[in-house]
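Working notes for the structure below.
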Amino acid sequence: MDTHFPAKLVKTDYDKVGGITEEFWYADNRIQGGPGRITIRRFQDVDDILDLNKAAFNSHTGKKPQYGDSNGNHHVATIPNILIEKWMKEGFNWFASTDKERKAKLNDPDNRKLLVRPGRL
């Protein structure tokens, strides 16, 4: 008897604002006496975001920007929403973190593709 029960895609939702796709999968293994399983898969196509980051990074003149909002903030990175969620699961809350913690996160070499300008923050 086959003990593998393939999962079936039940529903797909796409959040146009956040750009995140959510899939709901169901695997029925009740024949073996076990419960059915539901798996939720969340993902985001981040290629366009990373391509725009790279283009901005490569076109940067090296001069300190002379623009910003009324609070003196400058655009230094674009972070995909799915990555913010991943960080939250790992215990790093972007929205509750300090400037120092956010800078350290963005200065990490693993996150260099998020930056839109060269240099350390």
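Residue numbers are given in my numbering: position 16 of the sequence shown equals residue 17, and the series is strictly consecutive. Note that the Cβ used here is the ideal one computed from N, Cα and C, for glycine as well.
Exercise for the section: Determine the extent of the alpha helix (DSSP H) in which residue 106 is found, giving its start and end residues. Expected result: On the sequence shown, residue 106 is found 105 positions in, with the first residue counted as 1. Residue 106 -> alpha helix (DSSP H) spans 100-108.
Practice task
Using only alpha-carbon positions, find the residue among 22, 41, 19 and 15 that is nearest to residue 8.
Solution key: The residue labelled residue 8 in the question sits at position 7 within the sequence shown. Measuring from the Cα of residue 8, the nearest candidate turns out to be 41.
Problem - Rounded straight-line distance, which links the Cα of residue 11 to that of residue 112 - result: Here residue 112 refers to the residue found at position 111 when the sequence shown is read from its first residue. Here residue 11 refers to the residue found at position 10 when the sequence shown is read from its first residue. Residue 112 and residue 11: Cα-Cα distance of roughly 34 Å.
Exercise for the section: Taking 7 Å as the cut-off, decide whether the C-beta atoms of residue 117 and residue 57 are in contact. Expected result: Locating residue 117 in the sequence shown gives position 116, counting from the first residue. Locating residue 57 in the sequence shown gives position 56, counting from the first residue. Yes, Cβ-Cβ distance for residue 117 and residue 57 is below 7 Å.
Exercise for the section: Whole angstroms is fine: what's the gap from residue 19's alpha carbon to residue 81's? Expected result: Here residue 19 refers to the residue found at position 18 when the sequence shown is read from its first residue. Here residue 81 refers to the residue found at position 80 when the sequence shown is read from its first residue. Using only the alpha carbons, I get a separation of about 9 Å.
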